[in-house]
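J.: Using the working numbering, the letters of the sequence shown correspond one by one to residues 76 to 312. All C-beta atoms in this analysis are idealised placements derived from N, C-alpha and C, irrespective of residue type, glycine included. Before I ask anything, let me first share the structure, which is written out below as structure tokens.
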Amino acid sequence: MKDYHALLARQEAMRLRQQLLSPAQSPTGAPGGRAGLDPRSYDGAADQALIVRDLPAVAPLATLIDRLYEAMFTRHPYLRQLFPESMEFQRAHLERAFRFAVEHLDRPVELADFCTRLGSGHRRLGVLPAHYQVFEESLVEALRVTAGDAWSPETEQAWVRMHRFVTGAMIDGAAGTAREPGWWRATVVRHELRAPDLAVLRLHPAEPLRFRAGQYVPVQSPLLPHTWRSYTIAGAP
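In structure tokens:
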């Protein structure tokens, strides 16, 4: 059964690759690019106005996000393995991301800078450009189902443009750090419990880790796959 699902995953990846190499189609059928909107020319304020105007039609966002993941995992079940067993943290994180994007859409240069940094961090999760297309399709389906008759094509396209603007910057960020490892392997050599809610981990990295003062490092344990938590580095490796 495991080999069967691996075969399905490879076939799905090939289909998505072919889709990306072909002329792109927007969810409404009109030709359009996947990403790469220039923050200097993108009219984010106009899309922000459309999205905010019709936001009540897809509220609460928690319901929209539940339907988004339901659509994505139903169409592409192999993607479930990229996410932690419990989706509670992931759902809350995505809701914050949606709100942040909408609130900063009228400042596209600032939003693009943030998303570029976010994209470089997403490399550790195994996220590929093809996955953003799957996410977009699932987002549009969730928007349509949640809003029902209250939905409009112009607002849908505003969401699509916002998504492509964000993911375009994230893809650029991932490409900019492609020469670095997506993650570093390390061994926990000591665990010190300083307080009931405070622990200090001492790690020995297998490869050189570039250190910057004030840096945060996301850490994942094999005991909790795909569950990342950020830690402050107390000293250089």
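(1) Taking all protein chains shown into account, do 16 or more other C-beta atoms lie within 10 angstroms of the C-beta of residue 248, making it buried, or fewer, making it exposed?
(2) The beta strand (DSSP E) spanning residue 267 covers which residue range?
(3) If I measure Cβ to Cβ from residue 261 and keep anything under 7 Å in the same chain, skipping five residues before and after, which residues do I get?
(4) Where DSSP assigns a beta bridge to residue 291, which residues make up the other side?
(5) On the criterion of 16 or more Cβ atoms from any shown chain inside 10 Å, does residue 307 qualify as buried, or is it exposed?
(6) In the DSSP assignment, find the unbroken beta strand (DSSP E) run with residue 313 in it and report its ends.
(7) Quick check: the Cα distance between residue 115 and residue 238, rounded to an integer number of angstroms?
(8) Using the C-alpha atoms, what's the distance from residue 291 back to residue 230?
(9) Residue 158 by DSSP, collapsed to three states: which one?
(10) For residue 240, is the classification buried or exposed, using 16 other Cβ atoms within 10 angstroms of its Cβ as the cut-off for buried?
(11) Which ranges does the alpha helix (DSSP H) cover as unbroken runs of at least 4 residues, wholly within the region 117-145, from first to last along the chain?
(12) With a cut-off of 8 Å, do at least 3 Cβ pairs link the region 268-277 to the region 155-169?
(13) Alpha carbon to alpha carbon, what distance is there between residue 206 and residue 30?
(14) DSSP on residue 227, reduced to helix/strand/coil?
(15) DSSP on residue 247, reduced to helix/strand/coil?
(16) Can you give me the C-alpha to C-alpha distance between residue 151 and residue 288, rounded to a whole angstrom?
T.: According to the structure shown:
(1) buried
(2) 261-270
(3) 278, 279, 280, 281
(4) 307
(5) exposed
(6) Residue 313 lies beyond the residue range present for the chain, which begins at 76 and ends at 312; the question has no answer from this structure.
(7) 17 Å
(8) 37 Å
(9) coil
(10) buried
(11) 119-128
(12) no
(13) Since the first and last residues shown for the chain are 76 and 312, residue 30 lies out of range.
(14) coil
(15) helix
(16) 40 Å
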